[in-house]
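Below you'll find the structure, written out as structure tokens, and then a few comments.
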Amino acid sequence: PRSAQSVAAAASDVYKRHYLQYPPLTAKPEDWFMKIAGVAYYRMDWSDLNPEEGVYKFDEFFGPRFDFWVAQNHKRVAFRVMCQSMHSAADYVTPKWVFDKGVPGVQHTALRGQTQTDPVFWDARYLEVQCEFIRKLGEYLDGREGLEFVDIGSIGEWGEMHLARWTPQQLAETGFSHTRYVMAYRRIIDAFVKAFPHTQVFLNVGGQGNQTINDYAALRGVHFRQDGLNPAGASYDVGNWLYKPYSRRGVVCNFEFHSGLDAMKAKGWDLQATLDKALEAPLSYLNTNLGNYYTLPEEARQKLTETARRIGYRFVMTKLEHNALIRLDGEHTARLLVSSTWRNDGVAPCYESYAVEWSVEDEAGQVVASQVTFPNKPTTQWWPGEEQKVDAILRLPPGCRPGMYTLKVAMLMPETGQMIALGNAGKDERGRYRVTQITAIERTGPVGEVFREEFEGELEPWGLAKGITASLVTEGAHSGKAALLIEGPSEGGWNYAQRRLPVTVVPAAKYRLTTWM
431 PRSAQSVAAA
441 ASDVYKRHYL
451 QYPPLTAKPE
461 DWFMKIAGVA
471 YYRMDWSDLN
481 PEEGVYKFDE
491 FFGPRFDFWV
501 AQNHKRVAFR
511 VMCQSMHSAA
521 DYVTPKWVFD
531 KGVPGVQHTA
541 LRGQTQTDPV
551 FWDARYLEVQ
561 CEFIRKLGEY
571 LDGREGLEFV
581 DIGSIGEWGE
591 MHLARWTPQQ
601 LAETGFSHTR
611 YVMAYRRIID
621 AFVKAFPHTQ
631 VFLNVGGQGN
641 QTINDYAALR
651 GVHFRQDGLN
661 PAGASYDVGN
671 WLYKPYSRRG
681 VVCNFEFHSG
691 LDAMKAKGWD
701 LQATLDKALE
711 APLSYLNTNL
721 GNYYTLPEEA
731 RQKLTETARR
741 IGYRFVMTKL
751 EHNALIRLDG
761 EHTARLLVSS
771 TWRNDGVAPC
781 YESYAVEWSV
791 EDEAGQVVAS
801 QVTFPNKPTT
811 QWWPGEEQKV
821 DAILRLPPGC
831 RPGMYTLKVA
841 MLMPETGQMI
851 ALGNAGKDER
861 GRYRVTQITA
871 IERTGPVGEV
881 FREEFEGELE
891 PWGLAKGITA
901 SLVTEGAHSG
911 KAALLIEGPS
921 EGGWNYAQRR
931 LPVTVVPAAK
941 YRLTTWM
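Everything in the sequence shown is counted per our numbering, starting at 431 for the first residue and increasing by one.
Take a look at the structure:
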């Protein structure tokens, strides 16, 4: 009565959770890195975007990148605006006009040897000016088509929660304390949350000494990122003690390599071991900052490609059961029952509640039946490696003719209709996946009553719950000679009297049960 089969996984479908750091605006769709990465990521100085008070060069910077990556190449973009960076060639990463307004600064030497002036991040005047910039940035970027995420870059070297160039004397002279540092971060986090209500915001998390900041960020819906990825893991071992528990609270996790490929080799760090360590964490994004994309060796390209197939969540339908035949009579609705088994083959949870859409196509490719089903366990709880069940009933309308029908499946956000990639083969041009073909035949055999009980025989076929007694009575019989009289309280259950149906029913058929009391 039913057909069961395993469902093939696809080797080609990968999630585009790799992101490209400073990728060239001359990239071609056929370039290898364009096939495994879905996000172009850029960092810039605050002074690049806001060189004078009230002057914003958002269009000049963001416009070409949205045009090239989103409009032309159908990818997404992500950004971080930094307020301190030893790699910058500028004397002022934070604009000079900020200090002219009275924000205190300290002097540091950059990697190119020039003196840079950096702001006192915990100063109230700095926070006021920076929060206003964040507000303007959100007005321009939030909700814009193609924006994947923004990083918080307002405090610390590169915006990465450390003060490596700050001397103890500078910290003391500027009134640093852990409390002021935490409060400054909380204010910046709140400013980003308010400015970017429709955009993922990431915080570079730092070590365990800053967990109170990380936890506040998680409470406000901000996600985590960390660099320093090497064969021992990312900096501060965040993948283990921080990412694992918070990922199940809805926090998306993001890694970045510590060094480029050449530097890794010089240090004796193995790329495969580094990637394997990364995948021990519930990783949803990975920065591919290993060096020049065009000169990266083929071996490294392949390793990144394989890793891309495991980053984030990856839903695969592994098994399907359904009735072996669809029976049609031209007058009534026919039913196709499907029971599917799914598995998350990625390393991270899914952070959206998706629905499963089933559809049946006839031999001409026309959809004759479809059904959107919500899994009993939401997709946000499909943990890596676990199997989940999703069942559905599809109803083929009267008028369908015998022949071969194709069953397809998709996973989507039902409010928007946006479908996601699955780890299965057979994807069509509309984003649905071909699962199997099922034969529909003309239904034969009687249609009508298949069983009737008029209580003219013995009570032996009937089973009674504890505490229940039953007898046959002639008074008040509805259609036969007798009726079943049930008396007493049912002890410890919902049933009173029951019996097995003495005839065989047809799988996936529809029956009506009627009774008279």
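No residue lacks a Cβ here, since even glycine has one placed at the ideal position from N, Cα and C.
Quantities reported herein were computed from a predicted structural model and do not represent experimental measurements.
Buried versus exposed call for Tyr724 [16 or more other C-beta atoms within 10 Å across all chains shown]: Sixteen is the threshold: since fewer than 16 other Cβ atoms of the shown chains lie within 10 Å of the Cβ of Tyr724, the residue is exposed.
Cβ separation of Ala870 and Pro828, assumed to be a contact under 8 angstroms, to the nearest whole Å: About 13 angstroms separates the two Cβ atoms, so there is no contact after all.
Proximity of Tyr570 and Phe632 at Cβ, strictly below 8 angstroms: Cβ atoms of Tyr570 and Phe632: not closer than 8 angstroms.
Range covered by the alpha helix (DSSP H) that runs through Gly493: Phe488 to Arg495
Own chain residues within Cβ distance below 8 angstroms of Val419, not counting five before or after: No information on residue 419 is available, as it lies outside the stretch 431 to 947 that the chain covers here.
Status (buried if at least 16 other CB within 10 Å, exposed otherwise) for Leu755: buried
Segments of 3+ residues assigned as beta strand (DSSP E) that fall wholly inside the stretch 712-779: 715-717, 745-753, 755-758 and 764-774
According to DSSP, residues forming a beta bridge with Phe378: Residue coverage of the chain in this structure runs from 431 to 947, which leaves residue 378 outside it and unanswerable.
Lys458 - DSSP class collapsed to helix/strand/coil: coil
Alpha helix (DSSP H) runs contained entirely in the stretch 489-573, provided each spans 4 or more residues: 526-530 and 554-571
Rounded separation between Asp706 and Gly637 - CA only: 22 angstroms
Supposed contact pair Arg740 and Val777 - C-beta distance, whole angstroms, cut 8 angstroms: Contact between Val777 and Arg740 holds: their C-beta atoms lie close to 5 angstroms from each other, under 8 angstroms.
Endpoints, the beta strand (DSSP E) within which Gln867 is located: Tyr863 to Glu872
Segment limits, beta strand (DSSP E) that includes Ser901: Run containing Ser901: Thr899 to Val903, per the beta strand (DSSP E) assignment.
Under the three-state DSSP convention, the category Lys896 falls into: If DSSP states are grouped into helix, strand and coil, Lys896 belongs with coil.
One or two residues paired with Phe387 in a DSSP bridge: Residue 387 is absent from the structure shown; the chain starts at 431 and stops at 947.
Assigned exposure category for Val401 - 16 Cβ within 10 Å defines buried: No statement about residue 401 is possible, as the shown extent of the chain runs from 431 to 947 and does not include it.
Whole-angstrom distance between Asp461 and Cys780, CA atom to CA atom: C-alpha separation (whole angstroms): 29 angstroms.
Pro814 to Val746 span [Cα, whole Å]: Val746 has its alpha-carbon roughly 11 angstroms from the corresponding atom of Pro814.
Residue from Gly680, Gln546 and Tyr471 whose Cα sits closest to the Cα of Val580: That would be Tyr471, whose Cα lies nearest to the Cα of Val580.
Status (buried if at least 16 other CB within 10 Å, exposed otherwise) for Phe551: buried
Minimum length 3: unbroken beta strand (DSSP E) runs contained in the stretch 582-647: If one requires a minimum length of 3 residues, the beta strand (DSSP E) runs lying completely within the stretch 582-647 are 630-634, in chain order.
Contact test: Pro937 Cβ vs the ligand FMN heavy atom, cutoff 7 angstroms: This structure lacks the ligand FMN, and indeed carries no ligand of any kind.
Pro627 beta carbon less than 8 angstroms from that of Asp553: In this structure, Pro627 does not lie closer than 8 angstroms to Asp553 by Cβ.
Same chain only: Cβ atoms within 7 angstroms of Ala648, ignoring 5 sequence neighbours per side: Tyr676, Arg679 and Val681
Own chain residues within Cβ distance below 6 angstroms of Val936, not counting five before or after: none
One or two residues paired with Trp788 in a DSSP bridge: Gln801 and Val839
Meets three-Cβ-pair contact criterion under 8 angstroms: the stretch 472-485 and the stretch 495-509: By the C-beta criterion, the stretch 472-485 is judged to be in contact with the stretch 495-509, since at least 3 inter-stretch pairs fall below 8 angstroms.
Proximity winner among Gln732, Glu890, Ile643 and Glu787, relative to Phe804 (alpha-carbon distances): Glu787
Where Tyr472 falls: helix, strand or coil (DSSP): strand
CA nearest to the CA of Gly847, picked from Ala785, Pro891 and Glu872: Ala785
Simplified DSSP state of Ile850, which is helix, strand or coil: coil
Same chain, Cβ closer than 6 angstroms to Arg409, neighbours up to 5 away in sequence not counted: Only positions 431 to 947 of the chain appear in the structure, and residue 409 is not among them; the question remains open.
Neighbour-count burial assignment, Pro727, 16 or more Cβ in a 10 Å radius: Exposed, because fewer than 16 other Cβ atoms sit within 10 Å of the Cβ of Pro727.
Given 8 angstroms, three or more beta-carbon pairs between the stretch 918-929 and the stretch 892-909: yes
Residue from Asn480, Leu450 and Leu720 whose Cα sits closest to the Cα of Arg565: Asn480
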